[in-house]
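One structure below.
2 protein chains.
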Amino acid sequence: MSSNIRRSMPLFPMGIVMQLTELSARQIRYYEEHGLISPARTEGNRRLFSFNDVDRLLEIKELIEQGVNLAGIKQIFAARQSTMPSNEPVAETVKEKVKKPDLTDEELRKLLRAELVEAGRFNRTSLRQGDMARFFH
Amino acid sequence: MSSNIRRSMPLFPMGIVMQLTELSARQIRYYEEHGLISPARTEGNRRLFSFNDVDRLLEIKELIEQGVNLAGIKQIFAARQSTMPSNEPVAETVKEKVKKPDLTDEELRKLLRAELVEAGRFNRTSLRQGDMARFFH
DNA sequence: TTTGTGATGTAAGAAAATATAACATATCAT
DNA sequence: ATGATATGTTATATTTTCTTACATCACAAA
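These protein sequence lines map, in sequence, to chains A and B. Numbered per the numbering used here, the first sequence finishes at 1537, counting up by one with no gaps. Numbered per the numbering used here, the second sequence finishes at 1537, counting up by one with no gaps.
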């Protein structure tokens, strides 16, 4: 499903993610340092977080609040990765590699934009305004 | 509906919006200057755009490509505002004003976070990861 | 108790991203 | 030709984020 593209698209800067998660920059960077998340970077090396990244940070935060340490969280994530069949079969990943060998961030955004325009056109005439939201279903 | 909160939440910095819309910073600022959008600001005065803002910019871009000038676009938006009954009845706006008299950005983000946590909990155990996306339906 | 480790805070300095303002330019209708 | 509209460009200031280093605090192990 192409919603994965959307959910993994680098969109948010550090400041927003801090507010969204109520984590400190230090914490977020520390979690990255330990491989729990891998936000994208701008050309200028600023972190850009995706919806997935924010999701993950919220999970991390919850687990930490429940007393799990980073090592534990790492295991939990790893276990999930290996034991869960995953919505997106591995083949899909391969297929994507084949069909789109290394989408750049810019290409990704073009894709998103295209979908947005389309989604917007959808309920623009009949409703009052484009709804970027329905884009995430 | 509370999806309005989400759709109007200030999330994106200028750089991302430029890529998402393929508009120049100059253009985006110019459109704001002429009242076509009103992005929020950080404490430090940086613009923060919402999904709605991006939607609007994409609309503006399309209309401009179709030869409509800013004055025309302004009229179109104004007309939409007044003639369309709007999904969200006016009463709702009033109600929100009554129940939540002036939500700050921070409060808005707390709301979003809360919903995210909940949404995450939903398909976290049975699926592989939280799905911030389903949050936007 | 002392020591070590994990998780986070804080501060310094550099670099990137963005802000406003001013001036330039191209198109187009008058 | 003139003037307005829309956008590009440049300069300068400010904010935001980056990395690195050191401080701290809680807790487990020795």
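No residue lacks a Cβ here, since even glycine has one placed at the ideal position from N, Cα and C.
Is the beta carbon of residue j closer than 8 Å to that of residue i?
| i | j | result |
| --- | --- | --- |
| I1366 (chain A) | D1453 (chain A) | No answer is possible for residue 1366 (chain A): it lies beyond the span of chain A, which begins at 1401 and ends at 1537. |
| P1439 (chain B) | E1432 (chain B) | yes |
What does a CB cutoff of less than 7 Å around residue i pick up in its chain, not counting 5 residues either side in sequence?
| i | result |
| --- | --- |
| R1441 (chain B) | R1447, L1448 |
| L1420 (chain B) | V1454 |
| K1461 (chain B) | T1421, L1423 |
| Y1430 (chain A) | none |
| A1478 (chain B) | none |
Leaving out five residues before and five after residue i in sequence, what residues of the same chain have Cβ atoms less than 8 Å from its Cβ?
| i | result |
| --- | --- |
| V1490 (chain A) | Residue placement at V1490 (chain A) is flagged as unreliable, the pLDDT there being 43, under the threshold of 50; the coordinate-derived value follows with that caveat. Contacts found: none. |
| P1413 (chain B) | R1446, R1447, L1448, F1449 |
| V1468 (chain B) | I1476 |
| G1472 (chain B) | L1463 |
| A1425 (chain B) | M1414, M1418 |
| R1480 (chain B) | none |
Since I believe residue j is in contact with residue i (beta carbons under 8 Å), could you give me their beta-carbon distance rounded to a whole number of angstroms?
| i | j | result |
| --- | --- | --- |
| V1417 (chain A) | L1470 (chain A) | Their Cβ separation, rounded to whole angstroms, is 18 Å, which puts V1417 (chain A) and L1470 (chain A) out of contact at 8 Å. |
Among the options, which one has its Cα closest to the Cα of residue i?
| i | options | result |
| --- | --- | --- |
| E1443 (chain B) | B:I1405, B:V1468, B:P1410, B:S1403 | B:P1410 |
| I1428 (chain B) | B:E1459, B:R1406, B:S1403, B:N1404 | B:E1459 |
| K1474 (chain B) | B:S1403, B:I1405, B:G1435, B:Y1430 | B:G1435 |
Who are the Cβ neighbours of residue i in its own chain at under 6 Å, not counting the five residues just before and after it?
| i | result |
| --- | --- |
| F1451 (chain A) | R1407 |
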